[in-house]
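Each residue of the sequence shown is one higher than the one before, counting from 257 in this note's numbering.
Ideal Cβ positions, reconstructed from N, Cα and C, are used throughout, including at glycine.
One structure is given below, encoded as C-alpha cells.
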Amino acid sequence: MKPNSPRRAKVISEADLPEAIRQWSKRYECDCACPATLQGAMAESVSALDLASTALMQAPDAISLRLDADHTAWFNPVMMGGVVVANQPACELLRRFEQPAPLKTASQAEKPYLEHAVEKFLQAGILEQAGEELCTRFREEDALSAWLQVTDSCNLRCSYCYIQKSQARMSQSTGAAALEALFSSAKRYAFKALRIKYAGGEPSLNSGLVLWLHDYAERLSSAYGVTFQDVLLSNGVSLSPRFMQELKARQVAVMISLDGVGAPHDAQRPLANGSGSFIKVQQTIERLMSLGVNPHLSLTLTRRNLAHLDETVQFALERGLTFSLNFYRQCDLGQAGLEFDHQAMIHALRRALKVIEDNLPPWSLLGVVLDRGQLLEPRLRACGMGQSYVVINASGQVSQCHMTMTHALGDVLSADPCELIRQAGEDVNPPVTQREGCRECPWRFGCSGGCALMAQKTGGDKVGRSPYCAIYQFLYPEALRLEGLRLLKYTGEAIH
Numbered sequence: 257m258k259p260n261s262p263r264r265a266k267v268i269s270e271a272d273l274p275e276a277i278r279q280w281s282k283r284y285e286c287d288c289a290c291p292a293t294l295q296g297a298m299a300e301s302v303s304a305l306d307l308a309s310t311a312l313m314q315a316p317d318a319i320s321l322r323l324d325a326d327h328t329a330w331f332n333p334v335m336m337g338g339v340v341v342a343n344q345p346a347c348e349l350l351r352r353f354e355q356p357a358p359l360k361t362a363s364q365a366e367k368p369y370l371e372h373a374v375e376k377f378l379q380a381g382i383l384e385q386a387g388e389e390l391c392t393r394f395r396e397e398d399a400l401s402a403w404l405q406v407t408d409s410c411n412l413r414c415s416y417c418y419i420q421k422s423q424a425r426m427s428q429s430t431g432a433a434a435l436e437a438l439f440s441s442a443k444r445y446a447f448k449a450l451r452i453k454y455a456g457g458e459p460s461l462n463s464g465l466v467l468w469l470h471d472y473a474e475r476l477s478s479a480y481g482v483t484f485q486d487v488l489l490s491n492g493v494s495l496s497p498r499f500m501q502e503l504k505a506r507q508v509a510v511m512i513s514l515d516g517v518g519a520p521h522d523a524q525r526p527l528a529n530g531s532g533s534f535i536k537v538q539q540t541i542e543r544l545m546s547l548g549v550n551p552h553l554s555l556t557l558t559r560r561n562l563a564h565l566d567e568t569v570q571f572a573l574e575r576g577l578t579f580s581l582n583f584y585r586q587c588d589l590g591q592a593g594l595e596f597d598h599q600a601m602i603h604a605l606r607r608a609l610k611v612i613e614d615n616l617p618p619w620s621l622l623g624v625v626l627d628r629g630q631l632l633e634p635r636l637r638a639c640g641m642g643q644s645y646v647v648i649n650a651s652g653q654v655s656q657c658h659m660t661m662t663h664a665l666g667d668v669l670s671a672d673p674c675e676l677i678r679q680a681g682e683d684v685n686p687p688v689t690q691r692e693g694c695r696e697c698p699w700r701f702g703c704s705g706g707c708a709l710m711a712q713k714t715g716g717d718k719v720g721r722s723p724y725c726a727i728y729q730f731l732y733p734e735a736l737r738l739e740g741l742r743l744l745k746y747t748g749e750a751i752h
C-alpha cells in the first residue's frame, strides 16, 4: 500500500487463524452433557448475493466491544456466527448500513476489499439483508453423551461431591450391557456418535474395566456404524504409570479436577485420610504431559477457593493446558457454606480474566470459561439432560443426570436408555424460550438458562432463570473481548 493511499477495510475471524491454532479449540472436555462441537451456525456462504443491488443493514442484536484504538470486536449473541474483529475502516464501512443500503464502491481497486469485509459481517450475523430478519439456526444434536459410573469408590472426600461413596464397582458384564444398550440406542435415535465419560467415584480405581470398555466400544462402533470418543474424568490422584500409558495408546482423553494450587486445592479436595492431594495431582499432570497427553483441567469454584482462581488459571496457562470453569451447584451430600457471594465471584473472575489477557492461549475461551454456557453456537438448553445425555451407574441403572443418580428410571437390561430419559418430557429441561426471565435476554442462546436442576433447587421452579444470571451477564462480554484479542494475536498478520 502506498504511504498516502487510504487504509483498507479488513475483518478477521476464526477462519483466518492457522489450522493448527483452530484445532486447539476442539481439545477440551467437561464433566457434564454439554455439546462439544464448535462454530458453524453461520457457515452458509453469502457469496451468491449481489452486494451492489442487495439492501443490507446492521443486525439489531449485534454488539461491539472496543479492543484498542484501531480494533473493535463484533458479535451477534442471537445468531452466534462467531466473533469478528474489524479495523477502523471496516467499522466505518459498517456504519453505512445503519439504514438499509446496498454496497457502493468508489473504485474497482477497493471493491474486493469492501466485498470481503461485508461478506465477513454477513457470515457473522452482524449484517443482514434488509427486510429479511435473520432466523437463529439450531444444530440438531448428533452425538449421544453417556456418563458411565464405573465405581462409587473414591480416594478423595471433596467438599461439594454429590456421589454417595460405597465399594460398588461396575462389573464387566454390566459395562458390556451398558455399551450395547448405548450403541443400539444411538443407532435407533439416529445419533452419529457416542461420547463416553468414564466417571466415579474415581474411575482409575477400576482402571482395568475402563480399558476393557474402550476396547469393547471399538468393536461395537464398527458393528453399529456409530463413531465414539471417550474421556476419563479423574481426580488425578491414583493414575499408575502403566494406566497412563494404556490411555495414551488408546487415545482416551483425560480430564483432571484441579481446584487450586497447593492449599486451596487441598482444602476443597482432601484425601480420604484428610491430608492434601495437590502434590499427587500435580505429579499426575506432569507425568501425563511427559507422555504427550495434555489433560484438560476442570476447576470447580466455591466460596473456599474463589480468592485463588487467578493462581489456578496461571498454573494452567503456564503449562499450555485447556481448562473449564464450573460454578458450584448445590447438592444434598455436599458440605454447607460453599455458596459464594456474586460480587466476590465477579471480583475473582476479573482477576482471572486479567491473567488470561496477559497470557492469551491459542484456543478459544468461548466454550470453557462460561460455566454451563458457551458462545460458540446457539443452544436451546444448557445440557442434554432429557434429550441426548444418559447416566448409567455401577449397577446399570439409568438416570437423566449424574446429580440425580438416586432417582433411577430403569436399567440397561430392560429398556432403551434414550427412551427412558425422554419419557419425562421437556418439563425436566425446558428450552430457554420457555423460561421466565430468559426469553428476551440477548444472551439467552449462550446461557440457555443455565442448569435446570440448579434453577429448581434455588428457586423452586425449573422454568426460571439461573441464579447465576448476573454473573453470566458480566462474564460474557468479557469473554468476547478476550476472544477478539486472541484473534488479533494469533492471526499472525497486521490488520492496520
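Given residue i as reference, the closest of the options once Cα atoms are compared
| i | options | result |
| --- | --- | --- |
| Glu389 | Asp667, Arg559, Met313, Leu359 | Met313 |
| Ser620 | Arg263, Leu527, Gln279 | Gln279 |
| Asn649 | Asp326, Ala342, Thr407 | Thr407 |
| Gln379 | His327, Thr328, Ser651, Met336 | Met336 |
| Pro459 | Met426, Ala432, Ala446, Ala442 | Met426 |
| Arg559 | Gln524, Val569, Leu577, Asp672 | Gln524 |
| Thr361 | Ala265, Gly576, His327, Ala726 | Ala265 |
| Ser415 | His521, Arg606, Arg691, Val624 | His521 |
| Val625 | Ala442, Ala608, Gly640, Pro358 | Ala608 |
| Gly492 | Arg475, Cys639, Cys410 | Cys410 |
| Gly702 | Val569, Gln690, Gln729 | Gln729 |
| Cys694 | Ala563, Ala386, Ala638, Ser531 | Ala638 |
| Leu565 | Arg585, Ile612, Gly705, Arg575 | Ile612 |
| Ser580 | Glu595, Leu605, Phe596 | Leu605 |
| Ser574 | Lys610, Asn615, Thr556, Gln586 | According to the sequence displayed, residue 574 carries Glu and not Ser. Taking only the C-alpha atoms, the option nearest Glu574 is Asn615. |
| Met641 | Ser463, Pro617, Glu675 | Glu675 |
Presumed contact (8 Å Cβ cut-off) between residue i and residue j, rounded CB distance
| i | j | result |
| --- | --- | --- |
| Leu553 | Ile512 | 6 Å |
| Leu527 | Leu412 | 6 Å |
| Ser655 | Met661 | 5 Å |
| Glu502 | Leu467 | 5 Å |
| Val508 | His470 | 6 Å |
| Ala449 | Gln420 | Not really, about 31 Å apart at Cβ, beyond 8 Å. |
| Tyr418 | Phe583 | Contact doesn't hold; Cβ gap of about 14 Å is too wide. |
| Gly516 | Asn561 | 5 Å |
| Ala399 | Arg475 | About 19 Å separates the two Cβ atoms, so there is no contact after all. |
| Leu350 | Arg737 | With 8 Å as the limit, Leu350 and Arg737 do not qualify as a contact, their Cβ atoms being about 18 Å apart. |
| Val334 | Lys376 | Not confirmed; about 18 Å, so no contact. |
Paired residues, beta bridge with residue i - DSSP
| i | result |
| --- | --- |
| Ala509 | Val487 |
| Leu553 | Ile512, Phe579 |
| Pro267 | Sequence check: residue 267 is Val here, not Pro. In DSSP, Val267 forms a bridge with Ala342. |
| Lys453 | Trp403, Val487 |
| Met641 | Tyr645 |
| Ala711 | Paired residues: none, contrary to the question. |
| Gly327 | First, the amino acid is wrong: residue 327 is His here, not Gly. DSSP output for His327 lists Asn343 as bridge partner(s). |
| Leu383 | Gln314 |
| Val537 | In the DSSP output, where bridge partners are listed per residue, Val537 has none listed. |
| Gly666 | Val654 |
| Ser320 | Trp330 |
| Arg761 | In the structure as shown, the chain starts at 257 and stops at 752, and residue 761 therefore has no counterpart that could be examined. |
| Ala357 | Leu312 |
| Leu527 | Leu412 |
Local Cβ density within 10 Å of residue i, reported as buried at 16 or more and exposed below that
| i | result |
| --- | --- |
| Leu461 | buried |
| Glu275 | exposed |
| Gln428 | exposed |
| Gln423 | exposed |
| Ile753 | Not covered by the structure: residue 753. The range shown for the chain is 257 to 752. |
| Ile753 | The question about residue 753 has no answer, for the chain in this structure spans 257 to 752. |
| Cys657 | buried |
| Glu692 | exposed |
| Cys391 | exposed |
| Gln295 | A caution first: Gln295 carries a pLDDT of 42, below 50, which makes its placement in the model unreliable, though a value can still be read off. Answer is buried; the Cβ neighbour count reaches 16. |
| Glu734 | buried |
| Gly593 | exposed |
| Tyr746 | buried |
| Gln599 | exposed |
| Gly481 | exposed |
| Arg444 | exposed |
| Glu300 | Because Glu300 sits at a pLDDT of 47, beneath the cut-off of 50, its placement in the model cannot be relied upon, and the following sentence gives the value as read from the coordinates. That one is exposed. |
| Asn332 | buried |
| Glu348 | exposed |
| Ala297 | Legend: pLDDT at Ala297 = 39, less than 50; position of this residue unreliable, value from coordinates given subsequently. Looking at its Cβ environment, which holds 16 or more other Cβ atoms inside 10 Å, Ala297 is buried. |
Proximity test, residue i beta-carbon vs the ligand PLP heavy atom, cut-off 6 Å
| i | result |
| --- | --- |
| Ala446 | For the ligand PLP, the structure offers nothing, since it holds no ligand at all. |
Exercise for review: Could you tell me whether the segment 423 to 439 touches the segment 546 to 565, where touching means 3 or more Cβ pairs closer than 8 Å?
Suggested key: The answer is no - the segment 546 to 565 does not touch the segment 423 to 439, with fewer than three Cβ pairs under 8 Å.
Point to revise | Meets three-Cβ-pair contact criterion under 8 Å: the segment 393 to 411 and the segment 642 to 658 | key: Yes: the two stretches touch, three or more of their Cβ pairs being nearer than 8 Å.
Point to revise | Any 3 or more C-beta pairs closer than 8 Å across the segment 630 to 638 and the segment 393 to 402 | key: yes
Review point. Are there three or more Cβ pairs, one per stretch, closer than 8 Å when the segment 448 to 455 is compared with the segment 683 to 692?
Key: No: fewer than three Cβ pairs fall under 8 Å.
Review point. Below 8 Å, can you find three or more Cβ-Cβ pairs linking the segment 312 to 331 to the segment 341 to 349?
Key: yes
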